[in-house]
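In our numbering, each number is its position in the sequence shown, counted from 1, plus 1.
All C-beta atoms in this analysis are idealised placements derived from N, C-alpha and C, irrespective of residue type, glycine included.
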Amino acid sequence: MISPNIQEQTAIIFEPIKLEPEYEFVLPQFTIEIFVPVEKDITLNGLLYEKPTNKYLMIYFQGNAKNLQNFLDNHAMVFDWGYNILVTDYRSFGKSGGEITGEELLYSDAEKVYEFAAFLGYHPDQIILYGYSMGAAMVAHLATCKPAKAVIMESGYSSINEMEFSAGLCPAFPLNNAEKAKDIFMPALVIHGLSDHIITPDHAERILNRLGSTIKQQFILAGGHGDLKEKPEYIGIINGFIEKLSAKELV
Numbered sequence: 002m003i004s005p006n007i008q009e010q011t012a013i014i015f016e017p018i019k020l021e022p023e024y025e026f027v028l029p030q031f032t033i034e035i036f037v038p039v040e041k042d043i044t045l046n047g048l049l050y051e052k053p054t055n056k057y058l059m060i061y062f063q064g065n066a067k068n069l070q071n072f073l074d075n076h077a078m079v080f081d082w083g084y085n086i087l088v089t090d091y092r093s094f095g096k097s098g099g100e101i102t103g104e105e106l107l108y109s110d111a112e113k114v115y116e117f118a119a120f121l122g123y124h125p126d127q128i129i130l131y132g133y134s135m136g137a138a139m140v141a142h143l144a145t146c147k148p149a150k151a152v153i154m155e156s157g158y159s160s161i162n163e164m165e166f167s168a169g170l171c172p173a174f175p176l177n178n179a180e181k182a183k184d185i186f187m188p189a190l191v192i193h194g195l196s197d198h199i200i201t202p203d204h205a206e207r208i209l210n211r212l213g214s215t216i217k218q219q220f221i222l223a224g225g226h227g228d229l230k231e232k233p234e235y236i237g238i239i240n241g242f243i244e245k246l247s248a249k250e251l252v
């Protein structure tokens with residue numbers, strides 16, 4: 002079988018929706034639009050939410066579709082969790098430039114976003130890596146090579162090749178989070194939906210079981226893919242994990 006070319010592979014995995022450069026977001030209080038340089042003449046469009054009373058910065062990596070407007074429409078509840086938030090679109094998404102041509106480019110861009118957070122003045126112990134769905138690959142990578150307080154993976158997959166829709170079709174995008182997990186040693190939280198039929202809960206189990214972290218927790222919640230943040234207990238899971246780390250109660 003001939004493997005799909007890179008454009009066909011990205012079309013299998015990603016569903017970006019472009020935004021015009023002059024598109025204006027309606028932003029919550031304390032939020033500004035930013036651009037993170039990742040390559041000459043290429044930037045990632047992002048949002049930075051900073052409230053003076055918040056101690057930690059959550060670097061949030063999104064799912065595989067749409068753009069930052071979708072984040073504002075469906076995931077903006079993260080602004081109410083008590084953290085500063087840095088979130089960007091991937092290349093070719095929204096107002097971000099460039100094209101995605103393989104996993105190494107995704108990982109390199111994720112590192113540039115982390116470096117932007119450091120440029121803003123955040124110390125590693127103030128940074129929380131958070132990945133939702135596709136974004137789990139970015140935080141899994143960062144957790145192997147960049148220091149942070151914790152890594153959180155919501156509805157993540159163990160690898161692209163273990164997904165039914167992409168099995169064997171995307172050699173440029175292994176995105177093997179379970180393999181990466183072996184080299185993750187920071188505190189880790191894995192959250193998944195019991196009724197997730199897009200990325201089934203066994204993916205979360207494979208990631209959890211291979212984590213090198215001595216501090217790790219898993220929560221399987223009643224719910225599917227993309228609706229877990231709406232659960233009333235969700236914010237307590239996130240904040241409880243971080244608060245216990247800060248109080249050194251998790252050992």
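- Each of 201, 207 and 152 was checked against the Cα of residue 224, and the nearest Cα belongs to 201.
- Separation of the CB atoms of residue 132 and residue 62 is rounded to 4 Å, and the pair is thereby assigned contact status at 8 Å.
- Secondary structure of residue 140 (DSSP, three-state): helix.
- In the same chain as residue 56, and ignoring 5 residues on each side of it, the C-beta atoms closer than 7 Å to its own belong to 127, in chain order.
- DSSP, read as helix, strand or coil, puts residue 194 in strand.
- A direct Cα-Cα distance of roughly 36 Å separates residue 99 from residue 210.
- By the neighbour-count criterion, in which a residue is buried when 16 or more other Cβ atoms sit within 10 angstroms of its Cβ, residue 27 is exposed.
- Counting the other Cβ atoms within 10 Å of the Cβ of residue 230 gives 16 or more, which makes it buried.
- Per DSSP, the beta-bridge partners of residue 61 are 88 and 131.
- With respect to the 9 Å criterion, residue 122 and residue 174 are not classified as neighbours on the basis of their beta carbons.
- For the pair residue 188 and residue 242, the CB atoms are nearer than the 9 Å cut-off.
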